[in-house]
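Protein sequences appear in the order of chains X and S.
Numbering that gives the first Met the number 0 puts the first sequence at residues 0 to 227.
Numbering that gives the first Met the number 0 puts the second sequence at residues 0 to 227.
There are 2 protein chains.
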Amino acid sequence: MNEPASLEPARRYRGSSAEERRRRRREQLILAAIQVYGERGYRNSTVKAVCDAAGLTERYFYESFANSEALLVASYRGVTQRLLKALREAGEGSGRPEDRVRAVLVRYFEALRGEPRSARLFLVEIAGVSAELDRVFAASLGEFGLLLEELLDIEAGDPMLRTAVVGGVIHLALHWVARDFAEPLDAVAEAALQLCLLPAGALDKEGLRGGRSPAKLPEQLVPGGGSS
Amino acid sequence: MNEPASLEPARRYRGSSAEERRRRRREQLILAAIQVYGERGYRNSTVKAVCDAAGLTERYFYESFANSEALLVASYRGVTQRLLKALREAGEGSGRPEDRVRAVLVRYFEALRGEPRSARLFLVEIAGVSAELDRVFAASLGEFGLLLEELLDIEAGDPMLRTAVVGGVIHLALHWVARDFAEPLDAVAEAALQLCLLPAGALDKEGLRGGRSPAKLPEQLVPGGGSS
DNA sequence: TGAATTTGACAACGGCTCGTGTCAATCTTT
DNA sequence: AAAGATTGACACGAGCCGTTGTCAAATTCA
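So this is what it looks like as structure tokens:
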């Protein structure tokens, strides 16, 4: 409750201003959170554990974050922003769309293998914590999907199919991480690539059919009765 | 500590034996768990909440389960066994593989929509709770993938691609559940079907190529340096 | 050097949940 | 009806964690 922000211009400490120190502590906490959450899992981690890993005390935790969930969000945002930036760079080169997508996927799996704790945070720990977290997660996956479609020169693909493809890639990554990167990276990337090329092919077929909606499905194939 | 199991043959109560009563209570707890975990989420649920929903007291919880996680496993097994059985039935008819897979998928999404709480338990709550739970989850997804491959008459498909396809379907389901089944079922099933038909197509191509390994990837596309 | 501020270590409070224990009420057998 | 088994309601202790508060040590400014 004692923050005369404008009255006292804040003292310098260890060569940096109050603002700088705050930001540095915040960063330390985020890095520590990625490490701790990635190793123990978010739900098994305590505020104290994160603070210890950051070399700070609880006081500075609450200086920057209202609660653990806020720190998780911030950590997740940090990881995904860096990752998406790296992926965009990987996809920038010229060449066939297929090759550019492959480059992005390889970069993606390399990043996961290079930072397994971040990978776990990105893929596992975020899921199912709260409604807001789920939305954040879905949003970042959406960005991932759009990046892929850009590379494939698809303008308005089927959102459902995009969701399915991205989900498949994510799940593949999850599997790979869970098995400690047992399979060769190339094999994983190749499987992911086959998935990613699906929307392009589907677009061709739909183009021939003419319509956007998947024609009417043969409903008589649907087992009609008791769905309980 | 007072269970003279063989000395006292156990008294009958309300027309059923001690064994029957135990099993019934266990079932009640599992049903209540599906409901409670599916609504509040596993991590936000307490032992007491499950017992209240089951109309039993904590004592009977610990009679049948060592802890919450054991109940979660049991509930999950119950849900998945019923679901997989229903899916096998849906795929039994004769017809083109594609149509049979479609029937299975439609049945799958119908089941999810029909039991949203089970769906949530099956898709969300199970993930990331513990290492054992993750293994149980992966195993049931594996069964799902094998079922699909059976229907497509694929004998030894690429495990990686199978993982990716099943993951895509699961993620599609997840998305659908999270958005309260907003999209029409047919659209979701159709997107899933496109994914599921991918292994058959890939098999053809690989057959033409001849080799199992995906040829050598153009490694120069991989951005070599700093992965940090 | 001395006063003021920032920092770090840690205590303390409150809330929540697990798991166990107690005891009266209910039901079954004799 | 009486005795014994079973059940249900609930209390209790222990432990853990989030969050706030206290206080002395370290650092800076005048």
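No residue lacks a Cβ here, since even glycine has one placed at the ideal position from N, Cα and C.
According to DSSP, residue i sits in a beta bridge with which residue or residues?
i, result
"Tyr12(S)", "Ser15(S)"
Could you tell me the alpha carbon to alpha carbon distance between residue i and residue j, rounded to whole angstroms?
i, j, result
"Ile169(X)", "Met159(S)", "13 Å"
"Asp185(X)", "Ile33(S)", "40 Å"
"Ala126(X)", "Arg23(X)", "28 Å"
"Arg112(S)", "Val176(S)", "8 Å"
"Leu82(X)", "Tyr107(X)", "8 Å"
"Arg11(X)", "Val49(X)", "26 Å"
"Arg13(X)", "Asp133(X)", "40 Å"
"Glu19(X)", "Arg25(X)", "10 Å"
"Leu196(S)", "Val46(S)", "43 Å"
"Ser17(X)", "Gly37(X)", "The sequence shown places Ala at residue 17(X), rather than the Ser named in the question. Spanning the two alpha carbons is a distance of roughly 30 Å."
"Pro96(S)", "Leu147(S)", "10 Å"
"Asp51(S)", "Ala69(S)", "18 Å"
"Phe180(X)", "Pro115(X)", "9 Å"
"Glu205(X)", "Gly156(X)", "Unreliable positioning characterises Glu205(X) in this predicted model, as indicated by a pLDDT of 49, which lies under 50. The coordinate reading is nonetheless provided below. Those two C-alpha atoms are separated by around 10 Å."
"Gln80(S)", "Phe60(X)", "45 Å"
"Ile153(X)", "Glu182(S)", "22 Å"
"Arg21(X)", "Arg76(X)", "19 Å"
"Arg58(X)", "Gln27(X)", "14 Å"
"Gly92(S)", "Val165(S)", "22 Å"
"Glu131(X)", "Lys84(S)", "35 Å"
"Asp98(X)", "Ser129(X)", "37 Å"
"Ser63(S)", "Val35(X)", "34 Å"
Determine the extent of the alpha helix (DSSP H) in which residue i is found, giving its start and end residues.
i, result
"Pro183(X)", "Looking at the DSSP string, Pro183(X) is not in any alpha helix (DSSP H), and its letter there is neither H nor E."
"Ala89(X)", "Ser67 to Ala89"
"Arg106(X)", "Pro96 to Gly113"
"Val135(X)", "Ala130 to Leu150"
"Val124(X)", "As written in the sequence, residue 124(X) is Glu, which differs from the Val given in the question. No alpha helix (DSSP H) contains Glu124(X), which DSSP labels as neither H nor E."
"Ser63(X)", "Glu57 to Ser63"
"Asp157(S)", "Here Asp157(S) belongs to no alpha helix (DSSP H), and DSSP marks it neither H nor E."
Are residue i and residue j closer than 7 Å when you measure CB to CB?
i, j, result
"Val78(X)", "Ser117(X)", "yes"
"Ala31(S)", "Ala53(S)", "yes"
"Gly144(X)", "Arg161(X)", "yes"
"Leu173(X)", "Ala191(X)", "no"
"Leu86(X)", "Ala188(X)", "no"
"Gly40(S)", "Glu124(S)", "yes"
"Gly141(X)", "Ala163(S)", "no"
"Val67(S)", "Ile29(S)", "Residue identity differs from the one stated: residue 67(S) is Ser in this sequence, not Val. It is not a contact, given that the beta carbons lie outside the stated cut-off."
"Ala110(X)", "Ala102(X)", "no"
"Pro150(X)", "Val100(X)", "The question names Pro, but residue 150(X) is Leu in the sequence shown. Against a cut-off of 7 Å, the Cβ pair of Val100(X) and Leu150(X) comes out as a contact."
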